[in-house]
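See structure below.
In the numbering used here, the protein residues as written are 9 to 604.
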């Protein structure tokens, strides 16, 4: 996908007037030149006076090109755009936030990128560190003694450089660390005084190629041999496929390993598509929590290969309860390198009989070479069909999925989001870009921005970016649509609108039942009604096409077809689909995240 992304046709470019004959050079010019040397393609930003020097340099010194600025209406949207872009392009872009106040707005989005292990370069700024240079009031409240502390517990690295050479080095180090597995966001805080200091000349820039991120380490040969021995002798092997790269080569390698072992494969709806879900070895539809068929496969397994599975300990516990894990476990992950004490995103401590401390893509070739083809005692996995169009008076999520499948038949679609309550069996994934996964942090509001960022990375690829998202997710960050329409970044958002924070209604229902209180009151403080919110009008107000509300199964298919046609012609489109509250009929009943 990287090469496709780099050759995409340009988006709308706001071309500045020529700078003229001025030869003066400023600190921020050197910082901007360093960003170009790092080949940062875009900077999504919400303007702020704390980085007015850098803003000027990006426009007048670089001509708003390489990187190009993308105006966002909220800092959280700026970071989520960069997050969505990285998930598709596997390439880092940047986001710029205004001093401490902008960083506070952006914290949730940074946490998402951290939990999702995605590289995002976040640039911030502070009022002049030299107190004598601060303007009264505003520069003081926009200066913090340790601004990076706001995000230090969920970034890989942060820095506040004190000179122009130090700023260039900080950017080089930040890019290197962000792109080193396990990947993640970084934060560089630029002193406003440093940006606005006149310098004699542009200093020599570091050679970015000599500071690039290292390749993922290869696993120790003796560990590969031991893993291959266990897998080769297994009668009922299971592969848990978690975080993986988006390349088709990695995809085919995963399929080849599963077929060589005749192993049952389990995938996770929180992660991107990593294996064809209609393959006979795919044991159960992907889910946020393992479905009964997946749990049964884990219970029966004698060897489990975990390829950077996001919650290995929790998954084993869900299947086995408090019982010891009878299977031999092979763990392939380098995620332990970023575990912190502040966040529990590292999940429970899993057992591991063989631990390959590397990315799955580094281990797969070695395992494929070491494991002889074999036939385990395993019948094909349970076949299941995608959702199909339905008729009736009420629109369920399953009926919407059926209409979507029918409308997109033959169209290469990239799902950038699915709503809470989506069942993994509603739609098959057959390509690494069929689905890019969730946001990592299980909050609300990242969907629109991540969709715009993913659509930016997909521009020119021939794939249609589509988000199926909840109304709460849409409403929290609806202004990301303006960035998409302004810069001509086509995408389709189908809002699965149940007019409520329905997931929390279920939580209130559980609490009421446990306490013997009336469940009829679960809706209070949850419903988005009286008045209804006109989501299609909100889209039209920002230059997008708005369709709906659509309330019947017979009408949703034509609405989706119309939206797809609009996007294929370069538009941004939103469909307000009024779905019934509820979840997929095959859901396991496992607890859901509080807000996602």
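Each residue gets a CB set at the ideal place from its N, CA and C atoms; glycine is no exception.
So, under 8 Å CB-CB, residue 132 and residue 198 are touching, yes? Tell me the CB distance rounded to an integer number of Å. On the chain shown, position 124 is the one that residue 132 refers to. On the chain shown, position 190 is the one that residue 198 refers to. Indeed they touch by this definition, with Cβ atoms about 7 Å apart.
Among the residues of its own chain, which have a CB less than 6 Å from the CB of residue 317, if the five just before and after it don't count? Working through the chain shown from its first residue, we reach residue 317 at position 309. Correct list, in chain order: 248 and 250.
Helix, strand or coil at residue 457 according to DSSP, with G and I counted as helix: In the chain shown, residue 457 corresponds to position 449, counting from 1. If DSSP states are grouped into helix, strand and coil, residue 457 belongs with the helices.
Which residues bound the alpha helix (DSSP H) around residue 77? Within the chain shown, numbered from 1, the residue matching residue 77 stands at position 69. No alpha helix (DSSP H) holds residue 77; the beta strand (DSSP E) holding it covers 76-79.
Span of the alpha helix (DSSP H) holding residue 553? Position 545 of the chain shown, counted from the start, is the residue given in the question as residue 553. First-last for residue 553: 553-558, but that is the beta strand (DSSP E), not the alpha helix (DSSP H).
Proximity of residue 7 and residue 484 at Cβ, strictly below 9 Å: One cannot answer for residue 7 here, as it falls past the ends of the chain, which runs 9 to 604.
Sort out for me which residues DSSP pairs residue 314 with in a bridge. If you number the chain shown from 1, residue 314 lands on position 306. Beta-bridge pairing links residue 314 to 248 and 339.
Anyone know if the C-beta pair for residue 505 and residue 543 falls short of 9 Å? Along the chain shown, one-based indexing puts residue 505 at 497. Along the chain shown, one-based indexing puts residue 543 at 535. It is a contact, given that the beta carbons lie within the stated cut-off.
Could you tell me the boundaries of the alpha helix (DSSP H) in which residue 377 lies? Sequence index remark: in the chain shown, residue 377 carries index 369 (1-based). Segment 368-378, the alpha helix (DSSP H) holding residue 377.
Please state whether DSSP places residue 290 in a helix, a strand or coil. Position 282 of the chain shown, counted from the start, is the residue given in the question as residue 290. Strand.
Same chain only: Cβ atoms within 6 Å of residue 602, ignoring 5 sequence neighbours per side: On the chain shown, position 594 is the one that residue 602 refers to. Confidence at residue 602 is low in this model, with a pLDDT of 34, below 50, so its placement is unreliable and the value that follows should be read with caution. None.
Three or more C-beta pairs under 8 Å: does that hold for the region 365-382 against the region 337-352? yes
Element boundaries [alpha helix (DSSP H), containing residue 300]: By 1-based counting over the chain shown, the position of residue 300 is 292. Per DSSP, residue 300 belongs to the alpha helix (DSSP H) from 300-308.
Between residue 356 and chain B, is the shortest Cβ-Cβ distance under 9 Å, so that the two count as touching? Among the chains of the structure shown, chain B does not appear; only one protein chain is present.
Which same chain residues end up closer than 7 Å to residue 161 when comparing Cβ atoms and leaving out the 5 residues on each side of it in sequence? The count along the chain shown starts at 1 and reaches residue 161 at position 153. Excluding positions up to five away in sequence, the list reads 348, 350 and 351.
Using 8 Å as the cut-off, can you tell me whether the region 570-589 makes contact with the region 392-412, which would need three or more C-beta pairs spanning the two stretches below that distance? yes
Proximity winner among 564, 115, 327 and 411, relative to residue 86 (alpha-carbon distances): Here the question's residue 86 lines up with position 78 in the chain shown. Nearest C-alpha to residue 86: 115.
Distance check for residue 272 and residue 266, CA to CA, integer angstroms please. Your numbering for residue 266 matches position 258 in the chain shown. Your numbering for residue 272 matches position 264 in the chain shown. So the two alpha carbons sit approximately 7 Å from each other.
Would you mind sorting residue 212 into buried or exposed? The rule is 16 or more other CB atoms within 10 Å of its CB. Here residue 212 is taken as the residue at index 204 of the chain shown, counted from 1. When all chains shown are included, residue 212 counts as exposed.
Would you tell me roughly how many angstroms separate the C-alpha atoms of residue 148 and residue 134, rounded to the nearest one? As a working note, residue 148 is residue 140 in the chain shown. As a working note, residue 134 is residue 126 in the chain shown. About 9 Å.
Report the option in 55, 439, 196 and 245 whose CA atom is closest to the CA atom of residue 129. In the chain shown, counting from the first residue as 1, residue 129 sits at position 121. Ranking the options by Cα distance to residue 129, first place goes to 196.
Could you tell me the alpha carbon to alpha carbon distance between residue 18 and residue 45, rounded to whole angstroms? By 1-based counting over the chain shown, the position of residue 18 is 10. By 1-based counting over the chain shown, the position of residue 45 is 37. Those two C-alpha atoms are separated by around 20 Å.
On the three-state DSSP scale, how would you describe residue 363? The residue given as residue 363 occupies position 355 in the chain shown. It is a strand residue.
Just checking my contact of residue 338 with residue 361 at CB under 8 Å: how many whole Å lie between their CB atoms? In the chain shown, the residue the question calls residue 338 occupies position 330. In the chain shown, the residue the question calls residue 361 occupies position 353. Their Cβ separation, rounded to whole angstroms, is 7 Å, which keeps residue 338 and residue 361 in contact under 8 Å.
Going by the DSSP bridge assignment, what does residue 166 pair with across the sheet? Start at 1 with the first residue of the chain shown, and residue 166 comes out as number 158. DSSP lists 195 as partners of residue 166.
Opposing strand residues paired with residue 477 [DSSP bridges]: Locating residue 477 in the chain shown gives position 469, where the first residue counts as 1. Beta-bridge pairing links residue 477 to 503.
Alpha-carbon spacing of residue 49 relative to residue 464, whole angstroms: One-based indexing of the chain shown puts residue 49 at position 41. One-based indexing of the chain shown puts residue 464 at position 456. Near 11 Å, if we compare the C-alpha coordinates of residue 464 and residue 49.
Inspect the CB distances between the region 213-226 and the region 52-66 and report whether three or more fall short of 8 Å. no
Buried or exposed by the 16-neighbour rule on C-beta atoms within 10 Å, applied to residue 454: Here residue 454 refers to the residue found at position 446 of the chain shown. So residue 454 counts as buried.
Three-state secondary structure (DSSP) at residue 122? Numbered from its first residue, the chain shown carries residue 122 at position 114. Residue state, collapsed to three classes: helix.
Looking at the secondary structure, which residues open and close the alpha helix (DSSP H) in which residue 421 lies? Your numbering for residue 421 matches position 413 in the chain shown. Run containing residue 421: none in the alpha helix (DSSP H); it sits in the beta strand (DSSP E), 421-425.
How should residue 101 be labelled, buried or exposed, when 16 other C-beta atoms within 10 angstroms of its C-beta is the threshold for buried? For the purposes of this step, residue 101 is identified with residue 93 of the chain shown, where counting begins at 1. Classification for residue 101: buried.
Bounding residues of the beta strand (DSSP E) (the contiguous stretch that carries residue 129): Against the chain shown, residue 129 aligns to sequence position 121. Counting along the chain, the beta strand (DSSP E) containing residue 129 begins and ends at 129-134.
Assumed close pair residue 489, residue 456 - CB separation to whole angstroms, cut-off 8 Å: As a position in the chain shown, residue 489 is number 481, starting the count at 1. As a position in the chain shown, residue 456 is number 448, starting the count at 1. Confirmed, Cβ separation roughly 6 Å.
Taking all protein chains shown into account, do 16 or more other C-beta atoms lie within 10 angstroms of the C-beta of residue 168, making it buried, or fewer, making it exposed? Translated into positions along the chain shown, residue 168 becomes position 160. Per the 10 Å Cβ criterion, buried.
Using the C-alpha atoms, what's the distance from residue 526 back to residue 554? Within the chain shown, residue 554 is the residue found at index 546, counting from 1. Within the chain shown, residue 526 is the residue found at index 518, counting from 1. Spanning the two alpha carbons is a distance of roughly 39 Å.
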